[in-house]
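For the sequence shown, our numbering assigns the number 518 to the initial residue and increments by one for each residue that follows. Positions of the beta carbon are idealized from the N, C-alpha and C atoms, including for glycine. As structure tokens, the structure follows; a few thoughts come after it.
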Amino acid sequence: DAAKPGRKGEAKRQDKEGLVHELLIKRKATTKQGPNDLWVLNEEFLHFEGFSDVPFENIRDAEGNKILREISDEALAAYGLKNKALRRPDIFLFAEEEQCILVELKAPDVDLSDHLNQLEKYCNLIANFSTKPLKRFHCYLIGEVVSPIDIASRYRQDMNGDWINRTDSKVMRFEKGRQEEELGEAHFEIIKLSSLHK
518 DAAKPGRKGE AKRQDKEGLV HELLIKRKAT TKQGPNDLWV LNEEFLHFEG FSDVPFENIR
578 DAEGNKILRE ISDEALAAYG LKNKALRRPD IFLFAEEEQC ILVELKAPDV DLSDHLNQLE
638 KYCNLIANFS TKPLKRFHCY LIGEVVSPID IASRYRQDMN GDWINRTDSK VMRFEKGRQE
698 EELGEAHFEI IKLSSLHK
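Okay, here's the thing in structure tokens:
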């Protein structure tokens with residue numbers, strides 16, 4: 518069966534990504550449920566509350582309020598978010614003053630430049646459908662393989678070999694007739710697993 522090797526390859530890739538995920542924080546958990554090693558990304562991250570591999574509709578703030586308001590299936594389809602897999606960040610952290618942190622992890626053999634839009638979609642989804650304003654997004658895409666040709670015009674490389682977006686991206690409103698309204702800004706970084714290892 519020609520499809521079987523593809524499924525095995527996909528399962529192996531998921532296992533590699535899962536291993537990286539479990540090294541930082543347990544999946545399907547909150548930061549309150551036990552220790553984590555998010556300090557590897559930034560020491561401040563240890564002080565933030567958050568969620569690991571939990572759908573946006575189940576993410577709640579410290580007071581127990583949902584982060585997103587109810588979104589109809591029609592609206593999700595209209596914005597290209599019908600696939601539920603696109604609505605579950607690997608790591609979501611609340612930061613102070615209307616800010617949040619989004620971390621997306623990929624297996625070491627995955628080309629990260631193919632997944633840059635995933636974090637942008639998360640920012641757009643949150644900014645447009647959040648119950649309380651979230652205006653500043655700090656986004657990290659973590660893996661190993663990245664094509665400089667695909668990102669060189671927007672990113673600069675630092676001395677670790679990681680890539681930082683040259684300018685913050687504007688997060689805009691979706692609604693027809695209001696698409697010129699800025700809702701926030703997003704900062705993007707691409708971090709190599711080898712940098713974290715060092």
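Taking a cut-off of 8 Å for Cβ pairs, the segment 607-615 and the segment 569-577 touch, as three or more such pairs fall below it. For a cut-off of 8 Å, the C-beta gap from L629 to V662 is around 6 Å, short enough to register as a contact. By the Cβ criterion, the segment 647-667 is in contact with the segment 572-586, since at least three pairs of Cβ atoms, one from each stretch, lie closer than 8 Å.
Taking 8 Å as the upper bound for CB-CB distance, H655 and H704 are in contact here, some 5 Å apart. Contact between the segment 584-593 and the segment 546-558 is absent, with fewer than three C-beta pairs closer than 8 Å. Residue burial is scored here from C-beta neighbours: N634 has fewer than 16 other C-beta atoms within 10 angstroms and is therefore classed as exposed. With a 10 Å radius around the Cβ and a threshold of 16 neighbouring Cβ atoms, R673 comes out exposed.
DSSP places V663 in the coil class of the three-state scheme, outside both helix and strand. Within the DSSP bridge table, the entry for N682 names Y672 as partners.
A straight line joining the alpha-carbon of G694 with that of I668 spans about 31 Å. Under the DSSP definition of a beta bridge, C656 partners with L619 and F705.
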